[in-house]
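There are 2 protein chains.
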Amino acid sequence: MSSPTQAPCAPARTDARAANHDHAADPRFQPDPLFDAAERDAVYRAIHTRRDVRGEFLPDPIPDEVLARVLTAAHHAPSVGFMQPWDFVVVRSREVRAKIHADFLAAHAEAEQMFDEGKRATYRNLKLEGILESPVNICITCDRSRHGPVVIGRTHIGAMDVYSAVCAVQNLWLAARAENLGVGWVSILHPQALREALGIPREIVPIAYLCVGYVRDFHARPELEAAGWLKRMPLPELLHFDAWQGQPDAAGERLIDAIAQTRAPAR
Amino acid sequence: MSSPTQAPCAPARTDARAANHDHAADPRFQPDPLFDAAERDAVYRAIHTRRDVRGEFLPDPIPDEVLARVLTAAHHAPSVGFMQPWDFVVVRSREVRAKIHADFLAAHAEAEQMFDEGKRATYRNLKLEGILESPVNICITCDRSRHGPVVIGRTHIGAMDVYSAVCAVQNLWLAARAENLGVGWVSILHPQALREALGIPREIVPIAYLCVGYVRDFHARPELEAAGWLKRMPLPELLHFDAWQGQPDAAGERLIDAIAQTRAPAR
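Chains as they are written, first to last, in this note's numbering: chain A, 1 to 267; chain B, 268 to 534.
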């Protein structure tokens, strides 16, 4: 793997801090918190080689201990007020998956009609799910009333609980990539059909329907990028400094230069 | 670090598949996709030692190449229809941060009144943000109209673009942990005050306001858990099998047993 850079793991002052650490025996804190460069690069590798898998699933079963680790990772996502609002519906039943697949086909046909004629044929031919080919599907939900109506950190931004459940999705996705498992997020579904197929109560919000399994291959690039549907946007165009309309100051210009030097590991 | 288990990285059939791999020279696919156990464990370490940092920030500057890698990781989050709906407002200005901190104090005082009297004193004394102590704040937003009204995968679940922006938050958070940087998500803010402080246009949704910096310590456990505010829920209680009301079958029981054997690395 090409390392993003050869820079040291943390700047000098932070290293000195770690050496003088007087909290090493304090059980409230992590006794040995520093990541080394190899660990850091492994995390970046997961982030940059994660793909939304649709057409490459193998039917191979997922060992219980692997699925256990992946679900445990999802359960350790950040959550507003430590609310842990998620549930996980593990779907292996072929009959249940067939119901959801049938709803996908219906939604997909509706979606096709929403695109301009020029893009419609391209859209129709995209493989967008692996519901039946993957051995396990997982629906991650959000229970917005868990622990009562007042939640620390959700008092002024009501969607924070939903955001927490999405963080669980991304934890699961990255853990799966590190286990050499592919994940595909299927969102071309009618939420009500998904509720009915899984018996999800009215008050629970389905957040993500995920297909999980070993894969023949991981694509080098996101499939929609490779297909020319949309391009990767240049990150500097998405940066703002101190305000939306702010121009980069000297520090901003240095950051933009550093981004140009950053290579995403993508083997 | 204690490895989650000593199990091999992938099951036998998948290893065989990799050995017989006939796509190694096909540039559409990742030529060397398998993670080894050390890389996998590094990813789990980031997931399990990530904390929501409030009171431990150091003022040390973040090197440009580190911030560049962390932002690049966020930009490589999954996004619905490859929409990349995020922007990043990098806030270093003390004046801007002071405005946002003032709004935090106002929102925090309002929030306190929402809790039952028994919990109010505990709430008041929680340290919930590091806006001024951390050297860099980053606001991640979602541009819902990017690339036009019809987006692949957002045709039936309208919030998918917002979910994509949350995935960028979690990528940034895990990348930061691997760089030995702390991140705190401040959500006790009035969205309108945040918009005004940063000049965010009406049509752009602020998703997360993050404090980023090196830290004195990473807490061993989430602070709200350590403070006894809420407990970590047992993962098996959050699992469902094939349907919300479904009881675990033999495969489900084996998965629950495997979860009990999984130790989260938490050094």
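Glycine residues also receive a C-beta, built at the ideal position from the N, C-alpha and C atoms.
The residue among B:ARG317, B:VAL418, B:GLY495, B:LEU338 with its C-alpha nearest the C-alpha of B:VAL403 is B:LEU338.
Put simply, the CB of B:VAL356 is near chain A, with a gap under 8 Å to one of its CB atoms. Contact between B:GLN437 and A:GLN170 is confirmed by a C-beta separation of about 4 Å, below the 8 Å threshold. Apart from the 5 residues on each side of it in sequence, A:ILE207 sits with its Cβ closer than 7 Å to the Cβ of ILE140, THR141, CYS142, VAL162, ALA165, VAL166, VAL169 in its chain, given in chain order. Annotation for A:ASP60: no beta strand (DSSP E) segment contains it, and DSSP assigns it neither H nor E. The beta carbon of B:ASP319 lies closer than 8 Å to those of VAL450, GLY451, TRP452, PRO489, GLU490 in the same chain, with the five residues before and after it left out. In the three-state scheme derived from DSSP, where H, G and I count as helix and E and B as strand, B:HIS457 is classed as coil.
One Cα belongs to B:PHE485, the other to A:ARG69, and the distance between them is close to 22 Å. Assigned with DSSP and collapsed to three states, B:THR422 falls in coil, not helix or strand. Assignment of A:VAL70 by DSSP, reduced to helix, strand and coil, places it in the helix class. Between the segment 361 to 369 of chain B and the segment 223 to 237 of chain A there are fewer than three C-beta pairs closer than 8 Å, too few to call the two in contact.
Using a Cβ distance threshold of 8 Å, A:PRO27 and B:ALA494 do not count as a contacting pair. Secondary structure of A:GLY184 (DSSP, three-state): strand.
Listed along the chain, the chain A residues whose CB falls inside 9 Å of the CB of B:VAL479 amount to none; the nearest CB is some 13 Å away.
Comparing C-alpha distances from A:GLU39 to each of B:ASN447, B:LEU497, B:ARG499 shows the shortest one belongs to B:ASN447. Counting only residues of its own chain and dropping the five nearest sequence neighbours on each side, A:ILE256 has a CB closer than 8 Å to the CB of PRO236, LEU239, PRO248. A:ILE200 carries a coil assignment under DSSP once its states are collapsed to helix, strand and coil. Put simply, the backbone Cα of B:LEU477 is about 26 Å away from that of A:GLY148. Secondary structure note for B:ASP308: its alpha helix (DSSP H) is the uninterrupted segment 304 to 316. In its chain, beyond the 5 residues on either side, GLU203 have a beta carbon closer than 7 Å to the beta carbon of A:SER145. When only Cα atoms are considered, B:ARG462 and B:LEU372 end up about 16 Å apart. Among the CB atoms of chain A, none fall inside 8 Å of the CB of B:ILE367.
Within chain B, the residues VAL347, GLY420, ARG421, HIS423, ILE424, MET427 have their CB atoms less than 8 Å from the CB of A:SER187, given in chain order. In terms of CA proximity to A:HIS108, B:THR422 leads the group B:LYS366, B:ALA340, B:THR422. DSSP, reduced to helix, strand and coil, places B:LEU506 within a strand of the structure shown. Taking C-alpha positions only, B:LEU497 is separated from A:ALA159 by approximately 20 Å.
A direct Cα-to-Cα measurement between B:ALA344 and A:LEU172 gives close to 13 Å. Put simply, of B:ALA443, B:VAL479, B:ILE526 the residue whose alpha carbon is nearest the alpha carbon of A:ALA37 is B:ALA443. 8 Å or more divides the Cβ of A:ILE157 from the Cβ of B:TYR390.
The beta-carbon distance between A:GLY213 and A:LEU67, rounded to whole angstroms, is 10 Å. This is too long to meet the 8 Å contact definition. DSSP, read as helix, strand or coil, puts B:PHE349 in helix. Think of a sphere of 8 Å around the beta carbon of A:ALA175: the chain B residues whose beta carbon falls inside it are VAL310, TYR311, ILE314, in chain order. Taking C-beta separations shorter than 7 Å and ignoring five residues to either side along the sequence, the partners of A:VAL90 in its chain run VAL136, ILE138, following chain order. For B:ILE526, the chain A residues whose Cβ falls inside 8 Å of its Cβ are ALA68, LEU71, THR72, in order along the chain.
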